[in-house]
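Worksheet: the structure to be examined is printed underneath.
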Amino acid sequence: MLDKIKKIKIVCFDCDGVLTDGKITYIQGADNQILEQKNFSARDGMGLMFLNYAGLIPAVITGRTSAVLARRCKDLKIEHFYQKIENKAKQMEVILQELNLEWENVAYMGDDWNDYPLFKRVGFSASPNDGEEEIKQYVDFVSTKNGGAGAVREFIDLILRGKGLYEKATSKFHI
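This is the structure we're talking about:
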């Protein structure tokens with residue numbers, strides 16, 4: 002596992018069920034406008050910021066469209082954010098070409114069958130503890146935490162420690 006982690010340069014995530022608990026709440030707003038609500042973990046968010054601090058590239062590829070997620074990615078300075086993507090592996094190929102990276106440089110966390118094509122190709126793959134049971138057999142690492150509840154942070158911390166970048170990522174908070 003450590004050999005795989007050392008090659009990682011970009012860390013990518015699915016949204017629903019990974020960055021969130023997978024629940025999507027619709028709320029009727031003013032003028033019958035339908036609003037969407039998602040819950041994100043602040044600790045996962047700190048981990049995503051750590052990736053930038055460490056010089057790694059955070060990315061999100063999701064099959065849905067969400068203004069809430071767009072705002073979250075903007076707040077966390079995630080530049081590589083792609084919505085309404087039917088073929089996540091194809092989108093990752095575009096990203097890799099743009100950044101001049103290889104599949105072995107990608108770590109990816111997903112939770113369901115639409116993530117399987119990425120699991121097969123990336124250098125290091127993961128699922129939250131509550132990911133689809135059958136899909137977990139295809140990943141390198143299954144978090145002890147659930148989606149939206151620390152799985153992302155656990156995955157990021159594992160990568161940062163494995164690459165010897167944890168101190169660099171957290172150094173701005175040291176006294």
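In this text, residue positions in the sequence shown follow our numbering: the first is 2, and each later residue adds one. Every residue, glycine too, gets a C-beta built ideally from N, C-alpha and C. In this text, all values refer to a predicted model and were calculated from it rather than measured experimentally.
Check: Host alpha helix (DSSP H) of E168 (start-end); Outcome: Y167 to T171
Check: Beta-carbon proximity list for F120, same chain, < 6 Å, skipping 5 on both sides; Outcome: S126, Y139 and V140
Check: G64 versus L57, E155, I28 and A90, residue with shortest Cα-Cα distance; Outcome: A90
Check: Cutoff 6 Å; reference Y167; Cβ partners in own chain excluding five residues on either side; Outcome: L161
Check: Exposure label - I28; buried when at least 16 CB within 10 Å; Outcome: exposed
Check: L178 and F41 closer than 8 Å at C-beta; Outcome: Shown here, the chain extends from 2 to 176; a query on residue 178 therefore has no answer.
Check: Contact check, A60 vs H81, beta carbons under 8 Å; Outcome: yes
Check: Endpoints, beta strand (DSSP E) assigned at Y83; Outcome: H81 to Y83
Check: Residue-chain proximity (I62, chain D), Cβ-Cβ < 8 Å; Outcome: This model lacks chain D altogether; it includes just one protein chain.
Check: Backbone CA spacing between A152 and E37 [nearest angstrom]; Outcome: 23 Å
Check: Straight-line gap, D22 to A108 (C-alpha atoms, nearest Å); Outcome: 20 Å
Check: Limits of the unbroken alpha helix (DSSP H) element including C13; Outcome: Counting along the chain, C13 falls outside any alpha helix (DSSP H), though it belongs to the beta strand (DSSP E) covering I11 to F14.
Check: C-alpha distance - F14 paired with S172, whole-angstrom precision; Outcome: 24 Å
Check: Other residues of its chain near L102: CB distance less than 7 Å, five sequence neighbours each side excluded; Outcome: K10 and I11
Check: Cβ neighbour criterion (16 or more within 10 Å) applied to L52; Outcome: buried
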